[in-house]
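Q: Going by the UniProt record's numbering, the letters in the sequence shown line up with residues 1 to 125, in that order.
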Amino acid sequence: MSALYDNGTPEVRPEEEIVAEREGNGYILRGVKGRIGQITYTMADADTWIIDHTSVDGDYRGRGLARQLLDFVVEEAREKGRKIIPSCSYALQQFQADPSLTDVWAEGDASRYSDSYSSNGVESR
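Below, the structure written as structure tokens:
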């Protein structure tokens, strides 16, 4: 990663290590600033999860971290034979745009599970 000094010369810093951890019903990402991202889900029923929140710290946007968090949940759902209702706006957008997610998508009316604040601070594609 590089940053610019006021005089326009690049400052080169080593790439920061970002670690993913399972936490409750979801995953978090940790960097040097501490928690820098998270995704959470709740249980709709024994076989269906509702992704209700995805966020990434503004300093870390544009690196695909929100998608990595989503992929952790999708992989776990596949391993456990679960379906996902993507109720947060980021997860819903990803499910609508990516046909590889249809096998875990419990399509239906996600709006009844939606929280208008569920994806504050999420990165966009």
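Idealized CB from N, CA, C, for every residue including glycine.
Please report how far the alpha carbon of V73 lies from the alpha carbon of Y27, in whole angstroms.
A: 8 Å
Q: Grouping DSSP H, G and I as helix and E and B as strand, with all else coil, what is R22?
A: strand
Q: Taking the alpha helix (DSSP H) that D71 belongs to, which residues open and close that run?
A: L65 to K80
Q: Find out if the Cβ-Cβ distance for the pair D57, R22 is shorter than 9 Å.
A: no
Q: Please report the distance separating the alpha-carbon of D45 from that of G62.
A: 33 Å
Q: What did DSSP end up calling S100 once you bin it into helix, strand or coil?
A: helix
Q: Contact check, L65 vs G24 under 8 Å by CB: the rounded distance?
A: At roughly 19 Å, the Cβ-Cβ gap does not stay under 8 Å, so L65 and G24 are not in contact.
Q: Quick one: Cα of R30 to Cα of E76, how far?
A: When rounded, the distance between both Cα atoms is 20 Å.
Q: My output table needs one value for S89: the three-state DSSP class, helix, strand or coil.
A: helix
Q: For G62, name the three-state secondary structure that DSSP assigns.
A: coil
Q: Measure the alpha-carbon distance for E16 versus K33 and round it to whole angstroms.
A: Roughly 10 Å between the two C-alpha positions.
Q: Less than 9 Å between the C-beta atoms of R78 and W49, yes or no?
A: no
Q: So who's on the other strand from Q38, going by DSSP bridges?
A: I28 and S55
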